[in-house]
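Here the sequence shown stands for residues 116 to 287, numbered as in my numbering.
Glycine is no exception: its CB is placed at the ideal position from the N, C-alpha and C atoms.
Since the structure is predicted, the reported quantities are computational estimates derived from the model, not experimental observations.
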Amino acid sequence: MMKRFLPFLMLSLTGFSTPIQAADSWGINGEEKARIQVTVVDLLCELTGNCADNCGDGTRQLGLLQDDGTLLLPAKNNDIFAGATADLIPFCGKKIEADGLLIKKDQITMFALQFKRELPDGKWSRANWFTKDWAERNGQDADRWFEKDPTIKAELERTGILGLPGVPYVPQ
C-alpha cells in the first residue's frame with residue numbers, strides 16, 4: 116500500500132520546493148526557453164562607464180550580465196508594448212534568476228523576461244510590473260494602456276500616427 120503512495124509523496128515534497136513557473140513559447144522564430152542566473156546592470160554604465168545611482172531609477176535601459184561576461188538585452192516582459200525595466204529596477208546590481216525566452220536572430224540575442232526572482236531564494240513573480248505601475252501612476256485600469264497614456268497621446272499629437280509631422284495617415 117505504501118509503495119503506491121510513495122510517488123505521490125515524492126512529487127508533493129519536490130513540487131513545493133521547485134518553482135512551477137516556466138517560460139511560455141511565443142512562437143517567435145529563433146526563440147528558446149531559458150532559465151538564467153544573471154546580474155541586473157545599467158546598460159549605459161556597462162558599455163560606456165557613464166553610471167547613475169540605482170541604475171538611473173528606471174530611466175535607463177537595463178541589461179542582464181551573465182557570469183561569463185555575456186550581456187543580454189531584456190527587450191520585453193509579459194506586458195503588451197512594454198519593456199522589462201519596471202520588473203528589473205528593484206534588482207539593480209543584484210543577482211537574479213530570470214525565466215523567459217532567449218531570442219536569437221542573426222547577430223542579435225535578446226531575452227524576453229517572463230518570470231524573475233532574486234537569488235538565492237527569492238519568491239518568483241511574473242514579469243508584468245509595468246502595467247501595475249502604470250495603473251497606479253495614472254489612476255486607471257492598464258488594459259490597453261498605450262491608448263490612454265498621456266505621453267503617447269502627446270507624441271502622436273506632435274508627430275502624427277506615422278511619426279512624421281505633417282504627413283497624414285490615409286487608411287486604404
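Please list, in chain order, all residues of the same chain as residue i whose beta carbon is under 6 Å from its beta carbon, the five residues on each side excluded.
i, result
"alanine 149", "Leu217"
"threonine 200", "Gly173, Leu177"
"leucine 203", "Val155, Leu177"
"arginine 175", "Asp157, Leu159"
"tryptophan 141", "none"
Helix or strand or just coil, what does DSSP make of residue i?
i, result
"threonine 174", "coil"
"tyrosine 284", "coil"
"arginine 241", "strand"
"alanine 250", "helix"
"phenylalanine 261", "helix"
"alanine 138", "coil"
"threonine 224", "strand"
"isoleucine 211", "strand"
"phenylalanine 230", "strand"
"alanine 269", "helix"
Over what stretch of residues does the alpha helix (DSSP H) that includes residue i continue unbroken?
i, result
"alanine 201", "200-203"
At the level of alpha carbons, what is the spacing between residue i and residue j?
i, j, result
"aspartate 236", "phenylalanine 230", "14 Å"
"phenylalanine 206", "glycine 275", "37 Å"
"glutamine 287", "threonine 185", "46 Å"
"isoleucine 266", "lysine 247", "It is worth fixing the name first, because residue 266 is threonine in this sequence and not isoleucine. Going from the Cα of threonine 266 to the Cα of lysine 247 covers about 17 Å."
"glutamate 147", "aspartate 182", "20 Å"
"phenylalanine 226", "leucine 180", "11 Å"
"aspartate 139", "valine 282", "39 Å"
Can you tell me where the beta strand (DSSP E) holding residue i begins and where it ends?
i, result
"leucine 162", "No beta strand (DSSP E) contains leucine 162, which is instead part of the alpha helix (DSSP H) from 158-163."
"alanine 190", "186-191"
Excluding five sequence neighbours on each side, which residues of the same chain lie with their C-beta closer than 8 Å to the C-beta of residue i?
i, result
"proline 280", "Arg273, Thr274"
Which residues in the same chain have their Cβ closer than 7 Å to the Cβ of residue i, if we skip the five residues on either side of it in sequence?
i, result
"asparagine 243", "Asn192, Asn193, Asp194"
- Query: If we count Cβ pairs, one from each stretch, closer than 8 Å, do we get three or more for the region 208-216 versus the region 150-157?
  - Reply: yes
- Task: Inspect the CB distances between the region 157-170 and the region 249-264 and report whether three or more fall short of 8 Å.
- Result: no
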